[in-house]
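Notes follow the structure.
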Amino acid sequence: MLDVILVGFMGAGKTTVGQVLATNYQRPHIDLDDEIITLVGQSIPQIFAQAGETIFRQWETQALQQALAKKGVLSAGGGVVETAANRAMLKQTHIPVIYLKVLPETVLSRLKGDTTRPLLQQGPAAVRALWQRRLALYEQVATHAIVTDTLTPEAISQQIYQLLA
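For the sequence shown, the residue numbers in UniProt numbering are 1 to 165.
Next up, the structure:
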């Protein structure tokens with residue numbers, strides 16, 4: 001059985017690696033963004049545009065609380081660590097929290113042309129500043145970290161399995 005929570009900046013590979021882990025180890029995959037969409041009934045860009053980031057973070061906290069009660073591989077959103085309540089939940093859980101580390105340059109390269117991420121639309125300097133601000137927050141909640149810049153999702157999945165086996 002492999003239950004794990006993946007955290008990290010946007011573009012680190014949380015959703016893709018989560019799907020690979022879930023498939024390889026026959027575990028359910030829970031994507032926190034999908035949980036929020038189901039909870040609210042709107043897409044992430046719609047929530048940001050209509051309700052704002054503060055309200056989005058409140059819904060994210062509610063969705064995280066519900067997701068932590070489930071078994072499987074949880075891919076958290078990149079900003080889940082922004083909220084103190086979320087960090088507390090992640091630190092108090094007995095489920096391993098893997099921080100998928102990625103450099104901002106890798107993020108910008110991987111997500112070039114992606115218009116579905118509201119925070120990405122603010123430009124490269126804003127992305128770098130946001131990455132810098134969140135860096136210590138990811139480290140606070142993580143039980144393990146893996147640098148993902150040059151690894152395939154399959155290789156990351158194998159490293160996670162080796163860490164937790």
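All residues carry an ideal CB built from backbone N, CA and C; glycine is no exception.
Going by Cα to Cα distance, which pick from the options is closest to residue i?
| i | options | result |
| --- | --- | --- |
| L68 | K101, Q42, V97 | V97 |
| R128 | S109, I95, A142, A145 | S109 |
| L130 | H144, I5, E105, I146 | E105 |
| H94 | V107, L135, R134, G72 | G72 |
Leaving aside the five residues before and after residue i along the sequence, list all residues of the same chain whose C-beta is less than 6 Å from its C-beta, in chain order.
| i | result |
| --- | --- |
| T16 | P153 |
| T148 | A12, G13, L100, V102, I156 |
Rounded to the nearest angstrom, what separates residue i and residue j at their Cα positions?
| i | j | result |
| --- | --- | --- |
| A88 | T150 | 30 Å |
| L163 | Q132 | 26 Å |
| L32 | F9 | 14 Å |
| V7 | I30 | 13 Å |
| T61 | V40 | 12 Å |
| Q158 | G123 | 33 Å |
| A49 | A165 | 42 Å |
| Q58 | G78 | 15 Å |
| V45 | A51 | The residue asked about is misnamed: residue 45 is Pro in this sequence, not Val. If you take the alpha carbons of P45 and A51, they lie about 10 Å apart. |
| K70 | E53 | 25 Å |
| R27 | L21 | 8 Å |
| K112 | A126 | 14 Å |
Beta-carbon within less than 8 Å of residue i's beta-carbon, same chain only, minus the 5 sequence neighbours each way: which residues are those?
| i | result |
| --- | --- |
| I55 | I47 |
Ignore the nearest five residues each way along the sequence and tell me which others in residue i's own chain have a CB closer than 7 Å to its CB.
| i | result |
| --- | --- |
| E35 | A63, Q66, A67 |
| V141 | V7, V81, R87, L90, K91, V97 |
| T43 | The question names Thr, yet the displayed sequence has Ser at residue 43. Only I37 meet the Cβ criterion. |
Which of the three DSSP states is assigned to residue i in this structure?
| i | result |
| --- | --- |
| H3 | His is not the amino acid found at residue 3; the sequence shown has Asp there. D3 falls in the coil class under three-state DSSP. |
| S32 | Correcting the residue identity first, residue 32 is Leu in this sequence and not Ser. Helix. |
| S75 | strand |
| A69 | coil |
| A145 | strand |
| A12 | coil |
3 or more residues per run - each beta strand (DSSP E) lying fully within the segment 79 to 121: Listed in chain order, they are 97 to 101.
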